[in-house]
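Asker: Below you'll find the structure I mean.
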Amino acid sequence: MTKTSLAQNENRERMAEHWSSDLSRKQLGFWPTPLESLDRLSSELNGPRIWIKRDDCSGLATGGNKTRKLEFLLADAIAKNAEVIITYGAVQSNHARQTAAACAKFGIDCHLLLTERVRNSTTNYRANGNILLDELLGANLTIVPLDELGKSREETIELLNKEGKIFYEIPPGGSSPIGAMGYAHAFQEITDQANFCVTDIVHASASAATQAGLIFGTELLEHNAKILGANVFHENPSSLKSRISDILEKMRELFPSKNRPLDQDSILVNHAYFGEGYGMPNKETFDAIRLFASLEGILLDPVYSGKAAACLIDQINIGSFDESSDVVFLHTGGQASLSAYQDDFKTN
Ligand SMILES: Cc1ncc(COP(=O)(O)O)c(C=O)c1O
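In my numbering, the protein residues as written are 10 to 357.
As structure tokens, then:
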């Protein structure tokens, strides 16, 4: 056995121990999520073989990428005796909806502070989709303009302190180094499932922990897969890159390994599918959603997975992937917001 594979095996075993420890993780999802080949889409695009990792089927109130993060975050919150969880997001936040579901499951109160950061004043956007589900899941909702978030957070914390409640804050998107460990494990899960060599993974990137976790997974397992994040959130993609880099740095402290840290060049972000802004799908987003639905029976969303799919399709069309490669599209969920965008589907 070479020195390299010894280090890889050691990390594999350590990750398996971390994954199965009740102290670090509370099970919320169904694992492993399926890894399927997209035969009709692959032949339509006539490029590399396309696979899909179905994290939209992860469970927890319609699934999505937050299930993996929340397993670690909830374990931390419960270890700290939290009675209330506070978290943040946009009005149609999938993270907020999944956090509300996780709190319901463990009998913890959930406060969602949601911001009006997306220019969309339709009734569907404000009352349907994730908002409808947040309410069903019993969360306390506060919706404020973006510039009032700080004040609203202070008021919520002051009230909880007055009531003597132990609270735990989860950052937007569940994007802390603890949450990101969920995606280091996801990378291991993908490589365990794949009977092929994973050359590329493409996914939507916003608060950065999904991408940081996947990259950390490649680092721990000394794997050459390239992780391409389609930026859907940051006006300036370099802010996404530095967020990923910060989380990676902290993950290395949380889960030290002897492996050499990957350099900045391994953080691959594509900004070309961002469109007009966060939460604002464009024609390419809707075309991608329709193509996945009509060829594969798979539902994407207009904010995240639809933009990531537009990235995948275009990158294949312009020949960015070797034809002999095996590209995995990580479906991070988000379909719960489809009904919130009903009006946009009519006009696109
Ligand atoms: C459906 C969906 N996909 C992708 C992402 C992006 O993941 P991350 O915030 O870890 O970059 C999010 C985050 O909110 C999401 O809700």
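The beta-carbon is built from N, C-alpha and C at its ideal position, and this holds for glycine as well.
Which residue marks the beginning of the beta strand (DSSP E) containing Ser46, and which one marks its end?
Answerer: Leu44 to Ser46
Asker: With a cut-off of 8 Å on the beta carbons, I'd call Ala239 and Ser216 a contact; round off their distance for me.
Answerer: That belief does not hold up - the Cβ atoms of Ala239 and Ser216 are roughly 14 Å apart, past 8 Å.
Asker: Select from Asn170, Pro186 and Ser348 the residue whose C-alpha is nearest the C-alpha of Phe312.
Answerer: According to the sequence as given, residue 312 is Val; it is not Phe. Per the Cα distances, Ser348.
Asker: Where in the segment 58-84 do unbroken runs of the beta strand (DSSP E), each at least 3 residues long, occur, reported from the N-terminal end onward?
Answerer: 58-63
Asker: Could you check how far apart the C-beta atoms of Lys69 and Leu37 are, in whole angstroms? I think they sit under 8 Å.
Answerer: One point to set straight first is that residue 69 is Leu, not Lys, in the sequence displayed. Indeed, because the Cβ distance is near 5 Å, the residues count as touching under 8 Å.
Asker: Under 8 Å, do Ile87 and His340 count as touching if we go by C-beta distance?
Answerer: no
Asker: Which value, in whole angstroms, describes the spacing of the CA atoms of Met10 and Ala195?
Answerer: For Met10, the predicted structure reports a pLDDT of 41, less than 50, and the residue's modelled location is therefore unreliable. A value from the coordinates is still provided. Distance between the alpha carbons of Met10 and Ala195 is about 26 Å.
Asker: In this structure, how does DSSP classify Lys89 when only helix, strand and coil are distinguished?
Answerer: coil
Asker: So, are the CB atoms of Ala105 and Asp156 less than 8 Å apart?
Answerer: no
Asker: Could you check whether Leu229 and Asn268 sit closer than 8 Å to each other, using their CB atoms as the reference points?
Answerer: yes
Asker: Got a sec: is the Cβ-Cβ distance from Ala136 to anything in chain D below 8 Å?
Answerer: As a matter of chain content, chain D is missing from the structure shown, which is built from one protein chain.
Asker: Spatial neighbours of Ser102 within its chain, please: C-beta separation below 7 Å, excluding the five flanking residues on both sides.
Answerer: Leu123 and Asn139
Asker: What's the C-alpha gap between Thr165 and Ser346?
Answerer: 26 Å
Asker: Could you pull the DSSP bridge partners for Asp118 from this structure?
Answerer: Val93
Asker: How far does the beta strand (DSSP E) with Leu309 in it extend, from its first residue to its last?
Answerer: Leu309 -> no beta strand (DSSP E), and no H or E assigned at all.
Asker: To test your reading of the DSSP string, which unbroken alpha helix (DSSP H) runs of 4 or more residues are found completely within the segment 196-261?
Answerer: 218-230
Asker: May I ask you to report which of helix, strand or coil DSSP gives Thr11?
Answerer: With a pLDDT of 47 at Thr11, under the threshold of 50, the predicted position of this residue should be treated as unreliable, though the coordinate-derived value follows. In this structure, Thr11 counts as coil in the three-state DSSP scheme.
Asker: Out of curiosity, what's the CA-to-CA distance linking Phe81 and Trp28?
Answerer: 9 Å
Asker: Quickly, what does DSSP pair Tyr177 with across the bridge? List them, please.
Answerer: Ile94
Asker: Let me know the secondary structure DSSP gives Leu123 once reduced to three states.
Answerer: strand
Asker: Can you tell me the Cβ-Cβ gap for Asp209 and Ser334, rounded? I've got them flagged as a contact below 8 Å.
Answerer: That belief holds up - the Cβ atoms of Asp209 and Ser334 are roughly 6 Å apart, short of 8 Å.
Asker: Under the criterion of a Cβ to heavy atom distance below 7 Å, does Tyr313 qualify as lining ligand 1?
Answerer: Yes, the Cβ of Tyr313 comes within 7 Å of a heavy atom of ligand 1.
Asker: Name the one or two DSSP bridge partners that Asp335 has.
Answerer: According to DSSP, which records beta bridges pairwise, Asp335 is partnered with Arg58.
Asker: Leaving out the 5 sequence neighbours to the left and right, which residues in its chain are closer than 6 Å to Lys75 when beta-carbon positions are compared?
Answerer: His104, Gln107 and Gly183
Asker: Just checking Asn20 against ligand 1 - is the residue's beta carbon closer than 7 Å to any of the ligand's heavy atoms?
Answerer: no
Asker: Quick one, which of Glu262, Leu263, Pro41 and Gly284 has its alpha-carbon nearest Pro380's?
Answerer: This structure gives no information on residue 380, because the portion of the chain shown stretches from 10 to 357.
Asker: So Thr132 is in the alpha helix (DSSP H); what residue range does that whole segment cover?
Answerer: Thr132 to Ala136
Asker: Flag this pair as yes or no: are the beta carbons of Gly147 and Ala111 separated by less than 8 Å?
Answerer: no
Asker: Of the residues Leu32, Ser46 and Arg34, which one's Cα is nearest the Cα of Phe205?
Answerer: Ser46
Asker: Taking the continuous beta strand (DSSP E) assigned at Thr165, which residues delimit it?
Answerer: Segment Leu158 to Lys171 is the alpha helix (DSSP H) holding Thr165; no beta strand (DSSP E) there.
Asker: Using a threshold of 8 Å, state whether the C-beta atoms of Asp310 and Gln273 are closer than that.
Answerer: no
Asker: Check Thr341 in the structure and name its three-state DSSP category.
Answerer: coil
Asker: Taking the Cβ atom as the reference point for each residue, do Ile199 and Gln220 lie within a distance shorter than 8 Å?
Answerer: no
Asker: Helix, strand or coil for Asn279, going by three-state DSSP, please let me know.
Answerer: strand
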